[in-house]
Amino acid sequence: MIDEILERLNQFIAQDGSADGEKRWAEQQTRNPNVRALIHRLSTRDILIVATVGQHSILPQKELPALVHTSQATASRAVTRLAGAGLVIRERMPDNAKEWQLRLTADGTEVARLKSLLDQRLRGAAAVVASHYSEAELARFNEMLGEILQLSAHAFGDVQ
58 MIDEILERLN
68 QFIAQDGSAD
78 GEKRWAEQQT
88 RNPNVRALIH
98 RLSTRDILIV
108 ATVGQHSILP
118 QKELPALVHT
128 SQATASRAVT
138 RLAGAGLVIR
148 ERMPDNAKEW
158 QLRLTADGTE
168 VARLKSLLDQ
178 RLRGAAAVVA
188 SHYSEAELAR
198 FNEMLGEILQ
208 LSAHAFGDVQ
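Start counting the sequence shown at 58; every next residue gets the next number (the working numbering).
Here's what the structure looks like:
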């Protein structure tokens, strides 16, 4: 059964492409030509980062990795890419010139809005699926997913 579960998870992950249904749907929800042109080039992580920055008027960049559950290096590369795409503004903090703060551009704000709409739609669809299961079954499934997320660290933690 574990092979079937991992296969389903791999299928889910593989859906994150430039032409996936979620991005096509999001593109239809905006009239912003810049965002329409960009949306298919953004990864799920990119969109999550934009939405996370959008939850704050100004976000110290050093806080971003913990908020999106990624490394500092990965978050930094994403911020550089997103700033280049015109979605995020990265600027020195006024009280500490050694640190950076992030905020969204107008296009970034639109991407964050689309992410919110997409989350609402997915939450509704997931609620229908979840209605077939008890709270205990859902809690157990969530626990198992958490353990699967830790697999790589446990299975490959000895690799230098």
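Backbone N, C-alpha and C define an ideal beta-carbon position, used for all residues, glycine too.
For residue i: DSSP bridge partner residues
i	result
residue 146	160
residue 117	158
residue 153	150
Where the alpha helix (DSSP H) containing residue i begins and where it ends
i	result
residue 209	208-213
residue 112	Neither: residue 112 is in no alpha helix (DSSP H) and is coded neither H nor E.
residue 100	Note, residue 100: premise wrong, no alpha helix (DSSP H); not H, not E.
residue 88	No alpha helix (DSSP H) holds residue 88; DSSP gives it neither H nor E.
Beta-carbon spacing of residue i, residue j below 9 angstroms
i	j	result
residue 132	residue 115	no
residue 140	residue 127	no
For residue j and residue i, the rounded distance between their alpha carbons
i	j	result
residue 181	residue 92	25 angstroms
residue 209	residue 203	12 angstroms
residue 196	residue 142	39 angstroms
residue 58	residue 176	29 angstroms
residue 129	residue 145	17 angstroms
(request) Could you say if the segment 82-89 and the segment 147-160 meet the contact criterion of at least three C-beta pairs nearer than 8 angstroms? (result) no
(request) Give a yes or no on contact between the segment 167-181 and the segment 97-113, applying the rule of three or more CB pairs nearer than 8 angstroms. (result) yes
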